[in-house]
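Colleague: Here the protein sequences line up with chains A and B, keeping their order.
Here the first sequence is numbered in this note's numbering, starting from 75 and rising by one per residue.
Here the second sequence is numbered in this note's numbering, starting from 75 and rising by one per residue.
There are 2 protein chains.
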Amino acid sequence: MYDDPGFFAEYANMPRSVQGLDAAPEWPVLRAMLPPLAGLRVVDLGCGFGWFSRWAAAEGAASVLGLDVSQRMLEVAVRETADPRITYRRADLDAVELDAGAFDLAYSSLALHYLVDVDRLLAGVRTALGPGGVLVASVEHPIYTAPSDPAFVSGPSGRPVWPVDRYLDRGRRVTDWLAPGVVKYHRTLSDYVGGLLAAGFTLTALEEWGPTDEQLAEHPEWAGERERPLFLLLSGVAATVAA
Amino acid sequence: MYDDPGFFAEYANMPRSVQGLDAAPEWPVLRAMLPPLAGLRVVDLGCGFGWFSRWAAAEGAASVLGLDVSQRMLEVAVRETADPRITYRRADLDAVELDAGAFDLAYSSLALHYLVDVDRLLAGVRTALGPGGVLVASVEHPIYTAPSDPAFVSGPSGRPVWPVDRYLDRGRRVTDWLAPGVVKYHRTLSDYVGGLLAAGFTLTALEEWGPTDEQLAEHPEWAGERERPLFLLLSGVAATVAA
Chain A
75 MYDDPGFFAE YANMPRSVQG LDAAPEWPVL RAMLPPLAGL RVVDLGCGFG WFSRWAAAEG
135 AASVLGLDVS QRMLEVAVRE TADPRITYRR ADLDAVELDA GAFDLAYSSL ALHYLVDVDR
195 LLAGVRTALG PGGVLVASVE HPIYTAPSDP AFVSGPSGRP VWPVDRYLDR GRRVTDWLAP
255 GVVKYHRTLS DYVGGLLAAG FTLTALEEWG PTDEQLAEHP EWAGERERPL FLLLSGVAAT
315 VAA
Chain B
75 MYDDPGFFAE YANMPRSVQG LDAAPEWPVL RAMLPPLAGL RVVDLGCGFG WFSRWAAAEG
135 AASVLGLDVS QRMLEVAVRE TADPRITYRR ADLDAVELDA GAFDLAYSSL ALHYLVDVDR
195 LLAGVRTALG PGGVLVASVE HPIYTAPSDP AFVSGPSGRP VWPVDRYLDR GRRVTDWLAP
255 GVVKYHRTLS DYVGGLLAAG FTLTALEEWG PTDEQLAEHP EWAGERERPL FLLLSGVAAT
315 VAA
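Spelled out as structure tokens, the structure:
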């Protein structure tokens, strides 16, 4: 759907698309979960315009493989770098095969909630990382993806509330984010954590992003993001012996 | 508040109070997280009427220490057993001091959301468990404890929705559950998981309870429990080297 011209035009104009990592309000939390990048072999799962891939190379990564299903986004990513350590490849994360032991760090920003089968990818990532390899990922928070009608409404006391329903009803959700008919897959928080543990990772951090006081002072329009978490951020380390 | 006569009378009449573990719909999930009990030294944090303490002894635990702040509940618990392996002690979990290395399993059912400082207790539990010791706990789910008005309302499309607000606003929540003015402490899912990791546990399971199809067939009135999770269930193992 990132190759749909209407959607692409809208997405390409978002601050995080134009200005990169620093325009993504959750980036400081995600960055704090990352190990030092120097010398690491990195795979960027759902690399989009390649902002993270270029940042990782600039931080001293030995190599970066950026994977994305969107041809349009990859074309932009390729145009933006001449760094020989960075490679981009078109790949559907629901079908991709990664070489065993090929990476030290797997990173994924806001891509996994588009997948039909996250458990399959997590198992593949575990095999692609050597023991001690690190996974850092963000997804839309399950509280955000659950509702039939994902928009704030006025609550019983007049305050805005986020109308949660269908939380335990996993599966397809069709929303009108940036374009009509965008398909995501809702899963519960225990699905993400359980998938990570089942794949053979040890959980090292779990964060639920909301704006800091400083961010809120600069962006008062983000107040709603404190009422319910927008992003779930996870990190894990590949256990010495795979599960 | 469990010693308030009105609250106590209401609580004592709940199915889980009268019929014990099998009347708690989340018990099968929690039970599956437990290690074999034979020979273990168990502490039951918030033991209430002692249903779990008696079950643990029946399963072969070497000793069981049941702690609760409610004198009324402990009186019932003491009356219900003559097993010399079970000891009950009145203790406020926000202040309790546990002996280092004194236990192999710490269990807590629906008590931690009453505590002002869960991190303090988790650190104490970690010290009270030897390396490899296990913690299994249930709490009211953060989605359940967050709202200003914790009751289903009719959503935009007419379906019942759970009105989430103040999710990232940790702290006191006053509800009218069984009696007016019951005080609980809301914390986020990342607070619980982060507290467990910071205390030196490795997370081994995270579940969000909702009724199974079988439970729903028997209790159609529980349908709402699928719209948002009621309980969060966690287990961890004390890391070999404390954090």
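Here a beta-carbon is modelled for each residue, glycine too, at the ideal position from N, C-alpha and C.
Predicted model only: the values in this text are computed from it and were never measured.
#1: Any chance the segment 202-220 of chain B sits against the segment 196-203 of chain A, with 3 or more Cβ pairs inside 8 Å?
#2: Would the beta-carbon of Glu-282 (chain B) fall within 7 Å of that of Ser-264 (chain A)?
#3: Using beta carbons (cut-off 7 Å, strictly below), is Glu-292 (chain A) in contact with chain B?
#4: Suppose the cutoff is 6 Å on Cβ atoms and the five residues either side in sequence are ignored; what does the same chain contact list for Gly-80 (chain B) look like?
#5: Flag this pair as yes or no: are the beta carbons of Thr-219 (chain A) and His-260 (chain A) separated by less than 7 Å?
#6: Quick one: residues in its chain with C-beta nearer than 7 Å to the C-beta of Leu-148 (chain B), no 5 flanking neighbours on either side, listed in chain order?
#7: Go ahead and pull the three-state DSSP assignment for Leu-119 (chain B).
#8: At which residues does the beta strand (DSSP E) containing Thr-286 (chain B) begin and terminate?
#9: Could you tell me if Gly-310 (chain A) is buried or exposed, where buried requires 16 or more neighbouring beta carbons within 10 angstroms of its beta carbon?
#10: Could you pull the DSSP bridge partners for Glu-214 (chain A) from this structure?
#11: Could you give the residue range of the alpha helix (DSSP H) that holds Ala-130 (chain A)?
#12: Taking only beta carbons into account, state which residues of the segment 226-237 of chain B come closer than 8 Å to chain A, listed in chain order.
#13: Can you find at least 3 beta carbon pairs, one from the segment 241-248 of chain A and one from the segment 175-182 of chain A, that sit closer than 8 Å?
#14: Cβ of Gly-229 (chain A) within 6 Å of any heavy atom in the ligand FAD?
#15: Look at the Cβ atom of Leu-209 (chain B), then the Cβ atom of Ala-185 (chain B), and state whether they are nearer than 7 Å.
#16: Classify Ser-182 (chain B) as helix, strand or coil using the three-state DSSP reduction.
#17: Tell whether a beta-carbon distance below 7 Å holds between His-215 (chain A) and Leu-306 (chain A).
#18: Starting from the C-beta of Glu-299 (chain B), find all residues in its chain whose C-beta is less than 6 Å away, skip the five residues before and the five after it, and write them out in chain order.
#19: Which residues, in order along the segment 264-282 of chain B, keep a beta-carbon less than 8 Å from a beta-carbon of chain A?
Modeller: In terms of the structure at hand:
#1: no
#2: On the second sequence, residue 282 (chain B) is found 208 positions in, with the first residue counted as 1. On the first sequence, residue 264 (chain A) is found 190 positions in, with the first residue counted as 1. Against a cut-off of 7 Å, the Cβ pair of Ser-264 (chain A) and Glu-282 (chain B) comes out as a contact.
#3: For the purposes of this step, residue 292 (chain A) is taken as the residue at position 218 of the first sequence. Glu-292 (chain A) does not count as touching chain B.
#4: Stepping through the second sequence from its first residue, residue 80 (chain B) is reached at position 6. The answer, listed in chain order, is Ala-253.
#5: Position 145 of the first sequence holds residue 219 (chain A). Position 186 of the first sequence holds residue 260 (chain A). Going by C-beta atoms, Thr-219 (chain A) is nearer than 7 Å to His-260 (chain A).
#6: Residue 148 (chain B) sits at position 74 when you count from the first residue of the second sequence. Contacts found: Asp-142, Tyr-162, Arg-164.
#7: Start at 1 with the first residue of the second sequence, and residue 119 (chain B) comes out as number 45. If DSSP states are grouped into helix, strand and coil, Leu-119 (chain B) belongs with the strands.
#8: Indexing the second sequence from 1 puts residue 286 (chain B) at position 212. Looking at the DSSP string, Thr-286 (chain B) is not in any beta strand (DSSP E), and its letter there is neither H nor E.
#9: What you label residue 310 (chain A) is simply residue 236 of the first sequence in a count that begins at 1. Label assigned to Gly-310 (chain A): buried.
#10: Residue numbering aside, residue 214 (chain A) sits at position 140 when the first sequence is read from its first letter. Beta-bridge pairing links Glu-214 (chain A) to A:Phe-305.
#11: Counting from 1 along the first sequence, the entry for residue 130 (chain A) is found at position 56. Looking at the DSSP string, the run of the alpha helix (DSSP H) that includes Ala-130 (chain A) is 125-132.
#12: Val-227, Gly-229, Pro-230, Ser-231, Arg-233, Pro-234, Val-235, Trp-236, Pro-237
#13: no
#14: You won't find the ligand FAD in this model; it holds no ligand whatsoever.
#15: Within the second sequence, residue 209 (chain B) is the residue found at index 135, counting from 1. Within the second sequence, residue 185 (chain B) is the residue found at index 111, counting from 1. Not a contact, by the Cβ cut-off of 7 Å.
#16: Your numbering for residue 182 (chain B) matches position 108 in the second sequence. Note: Ser-182 (chain B) maps to strand in three-state DSSP.
#17: Within the first sequence, the letter at position 141 stands for residue 215 (chain A). Within the first sequence, the letter at position 232 stands for residue 306 (chain A). Yes, the Cβ-Cβ distance between His-215 (chain A) and Leu-306 (chain A) is below 7 Å.
#18: Taking the first residue of the second sequence as 1, we reach residue 299 (chain B) at position 225. Counting only Cβ-Cβ distances below 6 Å, and skipping sequence neighbours, we find Gly-284, Pro-285.
#19: Ser-264, Val-267, Gly-268, Leu-271, Thr-276, Leu-277, Thr-278, Ala-279, Leu-280, Glu-281, Glu-282
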